[in-house]
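Novice: A single structure is presented below for examination.
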Amino acid sequence: GSPHSQLVKEGVPETLILRVPATSVAGDYKLRVEGLYDSLFGGSAFVNETKLTFSQRSMTIFIQTDKPVYMQGQIVRFRAIPINTELKAFQGPVDVYMLDPNRHIMRRWLSRQSNVGSVSLDYHLSDQPVFGNWTIQVVAQNQHEEFSFLVEEYYQTRFEVNVTMPAFFFVTDRYLTGTVMANYTSGAPVQGNLTLKATIRPVKNGYRNVEAPREDVVRYFNFDESFPFWFPAPTYSSRTVPHLKYFYGVYNFRYPLSELEQYVPSLDGMEILVTATVGDRFLDEVIEGYSSARVFNNSIKLQFMGGTPQVFKPAMPFNCYISVSYQDGSPLEDKKLEFSRMEVTADVGMRTGGRRNIEPQLLKMSAEHDGVWELKVDLRSQLGLEENKRAVEMLKDIDSMRITASFKDPSGDRSQTELLLLSHYSPNSHHIKVHTSTKNAKVGEYVILHVQSNFFMETFNYIVMSKGIILLAGQETMQNTIRTFAITLSAE
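Numbering of the sequence shown is given in the working numbering, commencing with residue 932 and proceeding in unit increments.
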């Protein structure tokens, strides 16, 4: 690219704006900055180089289809939504291409103008298309974005079987409940027989299980089916699968969880897959449907947001947040939260040895977020060091901190958790902290920033970045140990 020069002053941050050539191609570039003395003798003050990666991606293009899988003869309805870095709709024209699995262009829409940011189109598949992964390609300002969908040859079954269950159960629940529905494509109920089985298996969490793999437990449901007095009730042998002989469209099952619990050490963390098999006597066709539910412990889950351990700076105040929920992440009832009690105790560890306790305190739940408690920690005041001349040395000596939170609900159930905090290391024990007091920031309004330090500095420089772009750079004078200033938020 062409060189760019600008006069700068020593100690004053400057923002250099370089225009990217329109003919640039994607790849790795190198940025070289040379500082020269503007004097009679001149000379080089500094030279610095850094690597840059250039990409044509200047916007995000979302491509959505109305279905993930299509069959022959169907209409593919889709839309493309291009947005720029300011999250505003792209107003220029876009080119759209429909590609088959062999990358042949089946249809193209050139220079399509968006309608309030969206380009909506449709494509009619032939009765004998090429089966496989088709591709929708959108081109805007030389940026290409692709989206794939599947076209398969399939035919609709004579009837469908749906199993509906709650997404989760608690270990204290007595019954596993759900509904089985079987209907023809016309909506009429299916008349036939029904078989239900439950498969118990551990929840797959994506991590490799170091224990030996446990076989899935499969149990068939028994049916308490009533028959007329002249009809002999069926008797099942050990080799016969229990089934509902006279099934008609809908069946509500209710199976004791205690009968499933005896086959596994604990149902906590297990997934129960219920498979329904419906057979139609007239069509001589068997169709399956299934649904899964997870079993959770219904005890209260108490945790510090952000995990443990965390890093803190003893000389500066900081906030911790505690959340309460059930084990599956669902919130507690309002009555439980209203009459609950959250108590926090803490102690700090010193590098020279020994620990100091902090007085216990009761917290009030956040008025904005149910189930969340905010803990404000200021060790200088909580340890009684405000009037102590050795306060700075004592705060530097703090090595760690342990916070214990105890939650008690109205029924008397308790839950406890701990947070370990490790002191931030600095060779010269200099710390700086940036935080904001603006809770709900909006575009066009000011956001209040606070910069705090435990050492003397005359000025500090700051850079505001978003999506890898420098939006603002400046310098502020440090009047005291804390400096407050405001910047305006833009859409970027």
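Note that the Cβ used here is the ideal one computed from N, Cα and C, for glycine as well.
Alpha carbon to alpha carbon, how far is H1362 from D1328? Give it in angstroms, no decimals.
Specialist: 14 Å
Novice: Measure the CB-CB distance between M1096 and V1181 and report whether it falls below 7 Å.
Specialist: no
Novice: Checking the sheet assignment: what are the DSSP bridge partners for S1222?
Specialist: V1205
Novice: Check whether the segment 1081-1100 and the segment 1036-1053 are in contact - that is, three or more C-beta pairs closer than 8 Å.
Specialist: no
Novice: From N1064 to Q1347, what distance separates their C-alpha atoms?
Specialist: 51 Å
Novice: For K1244, does the three-state DSSP call read helix, strand or coil?
Specialist: coil
Novice: Roughly how many angstroms lie between the CA atoms of F977 and R1321, to the nearest whole one?
Specialist: 43 Å
Novice: Classify E945 as helix, strand or coil using the three-state DSSP reduction.
Specialist: coil
Novice: Using only CA atoms, which one of N1073, F1154, T1206 lies nearest to T1130?
Specialist: By alpha-carbon distance to T1130, the top candidate from N1073, F1154, T1206 is T1206.
Novice: Buried or exposed, going by whether 16 or more other CB atoms sit within 10 Å of the CB of M1201?
Specialist: buried
Novice: Please go through the same chain and pick out, in chain order, the residues whose beta-carbon is closer than 6 Å to the beta-carbon of Q1059, but skip the five residues on each side of it.
Specialist: none
Novice: Measure the alpha-carbon distance for L1463 versus R1311 and round it to whole angstroms.
Specialist: Here the chain covers residues 932 to 1423 and nothing more, so residue 1463 does not appear.
Novice: Do the segment 1360-1377 and the segment 1279-1287 meet, that is, are 3 or more Cβ pairs less than 8 Å apart?
Specialist: Flag = no, the segment 1360-1377 and the segment 1279-1287 do not touch.
Novice: Could you compute how far the alpha carbon of G1280 sits from the alpha carbon of Q1072?
Specialist: 58 Å
Novice: So what does Y1179 bridge to, in DSSP terms?
Specialist: Q1122
Novice: Using only alpha-carbon positions, find the residue among S986, D1199, V1217 that is nearest to V1092.
Specialist: V1217
Novice: Going along the chain, which residues of its own chain have a beta-carbon closer than 8 Å to the beta-carbon of Q1406, five neighbours each way excluded?
Specialist: Within its own chain, the residues whose Cβ lies closer than 8 Å to the Cβ of Q1406, once the five positions on either side in sequence are excluded, are V943, P944, T1390, F1391, N1392, Y1393, listed in chain order.
Novice: Cα-Cα, which of S1057, R1414, G1375, T1412 is closest to E1423?
Specialist: G1375
Novice: Which term fits A1143, buried or exposed, when burial requires 16 or more other beta carbons within 10 angstroms of its beta carbon?
Specialist: In this prediction, A1143 scores a pLDDT of 42, lower than 50, which makes its location untrustworthy; the coordinate-derived value is nonetheless stated afterwards. Classification for A1143: exposed.
Novice: The alpha helix (DSSP H) spanning E1190 covers which residue range?
Specialist: 1188-1192
Novice: Strictly by DSSP, which residues pair up with K1307?
Specialist: N1250
Novice: Taking D1147 as part of the alpha helix (DSSP H), name the residues at either end of that continuous run.
Specialist: First-last for D1147: undefined, no H or E at that position.
Novice: Using DSSP's beta-bridge definition, name the partner residues of K982.
Specialist: K961
Novice: Does the contact criterion of 3 or more C-beta pairs under 8 Å hold for the segment 1256-1263 versus the segment 1288-1304?
Specialist: yes
Novice: My output table needs one value for S1045: the three-state DSSP class, helix, strand or coil.
Specialist: Looking at S1045 - three-state DSSP - the assignment turns out to be coil, as it is neither helix nor strand.
Novice: Exposed or buried, Y1001, counting other C-beta atoms within 10 Å across all chains shown (16 or more means buried)?
Specialist: By the 10 Å Cβ count, Y1001 comes out buried.
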